Amino acid sequence: MIIDVLTLFPEMFTGPFASSMIGRARERGLVEISLVNIRDYAPGKHRTVDDAPYGGGSGMVMQPGPIWQALDSLRARGRAETVVLLCPQGVRFDQELARALANTPTLALICGHYEGVDERVRETVDLEVSVGDFVVTGGEIPAMLVVDAVCRLIPGVLGGPGGAEDDSFASGLLEYPQYTRPRNFRGLEVPEVLLSGHHQRIARWRRQEALVRTLVRRPELIDRAQLEPEDREVLRALARRLQALDLDS
Ligand SMILES: C[S@@+](CC[C@H](N)C(=O)[O-])C[C@H]1O[C@@H](n2cnc3c(N)ncnc32)[C@H](O)[C@@H]1O
Numbered sequence: 015m016i017i018d019v020l021t022l023f024p025e026m027f028t029g030p031f032a033s034s035m036i037g038r039a040r041e042r043g044l045v046e047i048s049l050v051n052i053r054d055y056a057p058g059k060h061r062t063v064d065d066a067p068y069g070g071g072s073g074m075v076m077q078p079g080p081i082w083q084a085l086d087s088l089r090a091r092g093r094a095e096t097v098v099l100l101c102p103q104g105v106r107f108d109q110e111l112a113r114a115l116a117n118t119p120t121l122a123l124i125c126g127h128y129e130g131v132d133e134r135v136r137e138t139v140d141l142e143v144s145v146g147d148f149v150v151t152g153g154e155i156p157a158m159l160v161v162d163a164v165c166r167l168i169p170g171v172l173g174g175p176g177g178a179e180d181d182s183f184a185s186g187l188l189e190y191p192q193y194t195r196p197r198n199f200r201g202l203e204v205p206e207v208l209l210s211g212h213h214q215r216i217a218r219w220r221r222q223e224a225l226v227r228t229l230v231r232r233p234e235l236i237d238r239a240q241l242e243p244e245d246r247e248v249l250r251a252l253a254r255r256l257q258a259l260d261l262d263s
């Protein structure tokens with residue numbers, strides 16, 4: 015997969031894209047990530063990329079020209095088949111969208127800055143994506159989030175058995191609780207079942223915990239999750255137990 019990130023601040027990506035999972039995936043050739051400096055496509059000696067908004071108002075707006083030029087150049091090289099504009103007004107980024115983007119051979123992410131991008135940039139993008147209902151200074155940190163979530167879904171990137179399959183949201187549920195050594199930490203014990211070595215019991219316990227955790231923390235996810243008949247039985251048993259509780263006394 016090839017990801018091109020269009021930004022005015024390529025230096026912001028140096029650390030995050032060089033280390034940990036993304037750094038390793040790049041080294042192993044599983045993903046190619048290029049930083050495209052939008053300023054390189056700006057005309058004139060000063061390479062101006064922004065200007066004051068028509069109609070007045072505070073701040074500066076990124077001009078459409080340099081962004082279009084940068085995209086034209088990528089497209090001429092067979093890249094940027096899918097173009098995403100990071101934008102607080104876009105569709106909310108989630109695991110399903112990460113999965114869809116991970117299936118895109120060549121992806122381009124546009125990072126806005128200042129007051130955002132000229133409205134006409136939207137004409138040349140496929141999708142506007144928001145990382146949440148809040149506004150950050152630029153699209154760089156949102157782009158890092160998107161790249162990270164997408165890269166860990168590229169086959170081979172996570173390595174080892176299981177990969178991202180058990181992660182929260184992968185099956186529509188939150189992940190089960192995880193424990194590691196020590197077995198007893200300040201009086202807090204690891205659940206006995208995890209020490210049993212009984213793989214079926216462990217898998218059943220994890221699934222039940224994932225169901226309960228999702229029901230308690232994010233009940234709306236249960237409606238959309240792919241539930242097996244055993245899952246429904248777990249939920250029915252839980253409902254029966256809740257009904258049996260005398261909460262009024
Ligand atoms: C300060 S914001 C501009 C916000 C814009 N004036 C508005 O109210 O919609 C500058 C840039 O940061 C990025 N950005 C800010 N918040 C974001 C979010 N929640 N998700 C994705 N990108 C965001 C976008 O690229 C945006 O163009």
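Count along the sequence shown starting at 1, add 14, and that's the number in this note's numbering. C-beta atoms are modelled at their ideal positions from N, C-alpha and C, and glycine is treated no differently. Predicted, not measured: the structure shown is a model, and the values here were computed from it.
Would you say residue i touches ligand 1, meaning its beta carbon is less than 7 Å from a heavy atom?
i	result
Phe31	no
In the DSSP assignment, find the unbroken alpha helix (DSSP H) run with residue i in it and report its ends.
i	result
Ser185	Careful: Ser185 lies outside any alpha helix (DSSP H) and carries neither H nor E.
Asp29	According to the sequence as given, residue 29 is Gly; it is not Asp. It spans Thr28 to Ala32 - the alpha helix (DSSP H) in which Gly29 sits, taken as one unbroken run.
Asp18	Asp18 -> not in any alpha helix (DSSP H); beta strand (DSSP E) instead, spanning Ile16 to Thr21.
Arg254	Pro243 to Ala258
Ser87	Pro78 to Ala90
Ile155	Glu154 to Cys165
Leu261	No alpha helix (DSSP H) contains Leu261, which DSSP labels as neither H nor E.
Is the beta carbon of residue i less than 8 Å from the beta carbon of residue j?
i	j	result
Val105	Glu137	no
Ala84	Tyr55	yes
Gln240	Phe183	no
Gln222	Val248	yes
Ala224	Glu189	yes
Asp86	Val50	no
Val145	Leu167	no
Val171	Ala39	yes
Ile52	Leu20	yes
Ile16	Asp162	no
Val150	Pro156	yes
Gly173	Arg238	no
Val207	Arg215	yes
Phe31	Glu154	no
Phe23	Gly152	yes
Identify the continuous beta strand (DSSP E) that holds residue i and give its terminal residues.
i	result
Thr275	Because the chain is modelled from 15 through 263, residue 275 falls outside the range shown and cannot be assessed.
Ala122	Thr120 to Ile124
Glu142	Leu141 to Ser144
Pro233	Element bounds for Pro233: not the beta strand (DSSP E) but the alpha helix (DSSP H), Pro233 to Arg238.
Gln103	Thr96 to Arg106
How about the segment 92 to 103 and the segment 118 to 131: do they share at least three Cβ pairs that are nearer than 8 Å?
yes
Are there three or more Cβ pairs, one per stretch, closer than 8 Å when the segment 70 to 81 is compared with the segment 39 to 47?
no
Mind listing, in chain order, the residues whose beta carbon lies closer than 6 Å to a non-hydrogen atom of ligand 3?
Absent from the structure shown: ligand 3. Ligands present: ligand 1.
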